[in-house]
Structure formats: C-alpha cells, structure tokens
Amino acid sequence: DRLSLPRCTRLLAALRDTLGRALELGGSTLRDFSDAHGVSGAFQALYVMLLFAAYGKADLSVVYPVSRGLAPLAVMLFAGRFVGDAVGPLQAAAVGLVVAGTVAVGLTTRNRLGRMSGSGLFLCLLTALATAGYSLADRKAMGLRPGPGATEFLFLSYLFLTAFLTPWAMARRGWRGLFSQWRVNRRDVLLVSILTPLSYACIVAAMGMGNVVLITAGRNVGILFSTLAGAWLLRERVTRVRVVGTGVIFC
153 DRLSLPRCTR
163 LLAALRDTLG
173 RALELGGSTL
183 RDFSDAHGVS
193 GAFQALYVML
203 LFAAYGKADL
213 SVVYPVSRGL
223 APLAVMLFAG
233 RFVGDAVGPL
243 QAAAVGLVVA
253 GTVAVGLTTR
263 NRLGRMSGSG
273 LFLCLLTALA
283 TAGYSLADRK
293 AMGLRPGPGA
303 TEFLFLSYLF
313 LTAFLTPWAM
323 ARRGWRGLFS
333 QWRVNRRDVL
343 LVSILTPLSY
353 ACIVAAMGMG
363 NVVLITAGRN
373 VGILFSTLAG
383 AWLLRERVTR
393 VRVVGTGVIF
403 C
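To get my numbering, take the position in the sequence shown, counting from 1, and add 152.
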C-alpha cells in the first residue's frame, strides 16, 4: 500500500485502458459474453487490493465514501458505450452531486498522519474504476436475453475472485497469518462471508432489470452506515463538513 504519486498516475492510466479493453473483448465483440464472470472476478479482486491499500492512507469513514461515491461517475463514463445505459440531464446532475459530496469528504480528510495524501486520493479513484469494471461486466452479462441466473453468475465470478485474491492474501499474510485471523475473528469472517454474497446477489439481480449507473449510485446508501461505523465503532473523528458531504452522497 505504499504507492508514490507517479506510480499511482501510471496505474490509473493502465487501469483505464484495461477497463476499456476488457469490456470490449468481453462484451462488445463477443455475442454471448461467456467470460463475463472472469472479467467481473478480476475487477472485484483488483477492487479489494486497491481498497486495502487505500485504507492504509486514510480512515474507513473517508476511503469508503470517496471510492464508492466516485464509482457512479466512472460507470457513467463507460456505460453508454459498453452496455447502452444512457442517463438524462437530471440523472447526470444527480451523479454530479454524488461526486461533489465525495470531494467534500476527501478535502476535509484527516487521519493519524494528517490530511489524506495525494496517493490516497488516487487509490480511491482507482478503487472506483475497479468498481466500474465489475459493475459493467455484471450488467452486460445480466442484460443478456436469455441471461444467466444471478446466483449462478455470482458463484462463477466469486470462483475467479478467490483464485485472484488467494495469492495476494498469501503474499501479505502467509498461511499462519490467515489461520490466525480465522482463530481470532471467526465470527466476523463468517458474518462477512454470508452477508456480502447475499447483498451483492441482490445487486446482480437488479443489473438485469435497470440502468447500471442508477444502480451503482443507489448502492451509496452504505456510505452513511460506513461513516456511522467509523465514528461510533472505530472512534474516528468525523467533522461537520464530512457529515454534510456524506449526506449529499446519501441523498
């Protein structure tokens, strides 16, 4: 999670190019989009890696709102071309308000090291692009007629997610570190492993029925709860401006 600003800039350019090429090869040129679960799993794994790196730069109540809040803008930039989900002026303005809220949160960020670094903001942006990647892949697959079932598609994409994340987790912790986390935090691990797939199964199912930009923006309801969790459970300092910014994102 130690990335300099130049390295973050290069990573941003590479991720933007990869997002476009992956969706072109996986969706806009293949009729059946048969490898969508692999594309989705790869971007989900990248999302997790970048999110953990961003957590090393700022508090949870800041990283999550900024990265999640920027995701609808990233999706909107690509959705019309790759999945045909356009938005009207009012909808685009609403997405703009979400982005404005994230900027308000980001500019008032302070953590143990002070104001969030430029590399931290870049990591949040990269995380948002990774979110856009798997959201667009999911939307492309679920929009097929006939399309895959939400449970089937989620299961396959999670297989790829596990395959991509396991080497990364092993490099960070090793077997002993992973098993120690299981022994210490078994209840939390089980809770997350159950609730995360259940919640995202609802999102995947919605992808087959609605506009991916609006669905991605609607997921930002979780930002309010992450801010509350950061303040009450983790004892993070939450300023008034951050509360206002989070409220704008939520609304």
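Beta carbons are placed, not taken as given, at the ideal position from N, Cα and C, and that holds for glycine.
Throw me the rounded Cβ distance for the F307 and A293 pair, which I believe falls under 8 Å.
Residue 307 sits at position 155 when you count from the first residue of the sequence shown. Residue 293 sits at position 141 when you count from the first residue of the sequence shown. Actually they are not in contact, since the Cβ atoms of F307 and A293 sit about 13 Å apart, beyond 8 Å.
DSSP three-state label for G326, please.
Taking the first residue of the sequence shown as 1, we reach residue 326 at position 174. Looking at G326 - three-state DSSP - the assignment turns out to be helix.
What ranges does the alpha helix (DSSP H) occupy inside the segment 210-255, keeping only unbroken runs of at least 4 residues that lie completely in it?
212-234
Which residues in the same chain have their Cβ closer than 7 Å to the Cβ of A194, if we skip the five residues on either side of it in sequence?
Numbered from 1 along the sequence shown, position 42 holds the residue referred to as residue 194. These residues qualify, in order along the chain: F312, F316.
Mind pulling the alpha helix (DSSP H) runs of 4 or more residues that sit fully within the segment 352-395?
Entirely contained in the segment 352-395, the alpha helix (DSSP H) runs reaching 4 residues are, in chain order, 364-370, 373-384.
Starting from R297, trace the alpha helix (DSSP H) in both directions and tell me its first and last residue.
Your numbering for residue 297 matches position 145 in the sequence shown. Under the DSSP assignment, R297 falls outside any alpha helix (DSSP H); it carries neither an H nor an E label.
Which same chain residues, not among the five before or five after S219, have their C-beta less than 6 Å away from its C-beta?
As a first step, residue 219 is located in the sequence shown; it is residue number 67 there, counting from the start. C276, T279, A280.
What does the Cβ neighbour count give for G236, buried or exposed, with the cut at 16 atoms within 10 Å?
For the purposes of this step, residue 236 is taken as the residue at position 84 of the sequence shown. Classification for G236: exposed.
C-beta atoms of G397 and A256 nearer than 7 Å
By one-based count along the sequence shown, residue 397 stands at place 245. By one-based count along the sequence shown, residue 256 stands at place 104. Contact: yes.
Under 8 Å by Cβ, that's how I've got M228 and V250 pegged, so tell me the actual separation to the nearest angstrom.
Taking the first residue of the sequence shown as 1, we reach residue 228 at position 76. Taking the first residue of the sequence shown as 1, we reach residue 250 at position 98. Distance from M228 to V250 at the Cβ level is roughly 10 Å; contact not present, criterion being Cβ atoms closer than 8 Å.
With a CB to CB cut of under 7 Å and the five nearest residues on each side skipped, what residues in its chain are close to L225?
Looking up residue 225 in the sequence shown gives position 73. Only V247, V251 meet the Cβ criterion.
L330: buried (16+ other C-beta within 10 angstroms of its C-beta) or exposed?
Looking up residue 330 in the sequence shown gives position 178. It is exposed - the Cβ of L330 has fewer than 16 other Cβ atoms within 10 Å.
Please return the same chain residues whose Cβ sits closer than 8 Å to the Cβ of V356, not counting the five positions on each side in sequence.
Residue numbering aside, residue 356 sits at position 204 when the sequence shown is read from its first letter. Only D290, M294, A302, F305, L306 meet the Cβ criterion.
Length of the line joining the Cα atoms of C354 and R297:
Residue mapping note: residue 354 aligns to position 202 of the sequence shown, counting from 1. Residue mapping note: residue 297 aligns to position 145 of the sequence shown, counting from 1. Taking the straight line from one Cα to the other gives about 19 Å.
Run the CB neighbour count on G240, radius 10 Å, all protein chains shown included, and call it buried at 16 or more, exposed below.
Your numbering for residue 240 matches position 88 in the sequence shown. The residue is exposed, with fewer than 16 neighbouring Cβ atoms inside 10 Å.
For G178, count neighbouring C-beta atoms within 10 Å of its own C-beta (all shown protein chains included) and say buried if the count is 16 or more, exposed if not.
What you label residue 178 is simply residue 26 of the sequence shown in a count that begins at 1. Interpretation of G178 is limited by its pLDDT of 49, a score under 50 that renders its predicted location unreliable; the figure taken from the coordinates is listed afterwards. Classification for G178: buried.
Cβ atoms of I367 and A358: under 7 Å apart, would you say?
In the sequence shown, counting from the first residue as 1, residue 358 sits at position 206. In the sequence shown, counting from the first residue as 1, residue 367 sits at position 215. Yes; because the gap between Cβ atoms is below 7 Å, this pair is in contact.
Which of the three DSSP states, helix, strand or coil, is assigned to G399?
Residue numbering aside, residue 399 sits at position 247 when the sequence shown is read from its first letter. Here G399 sits in helix by DSSP.
Inter-residue spacing [alpha-carbon to alpha-carbon] between V200 and N363:
What you label residue 200 is simply residue 48 of the sequence shown in a count that begins at 1. What you label residue 363 is simply residue 211 of the sequence shown in a count that begins at 1. So the alpha carbons of these two residues sit roughly 24 Å apart.
Over what stretch of residues does the alpha helix (DSSP H) that includes G208 continue unbroken?
Residue mapping note: residue 208 aligns to position 56 of the sequence shown, counting from 1. Careful: G208 lies outside any alpha helix (DSSP H) and carries neither H nor E.
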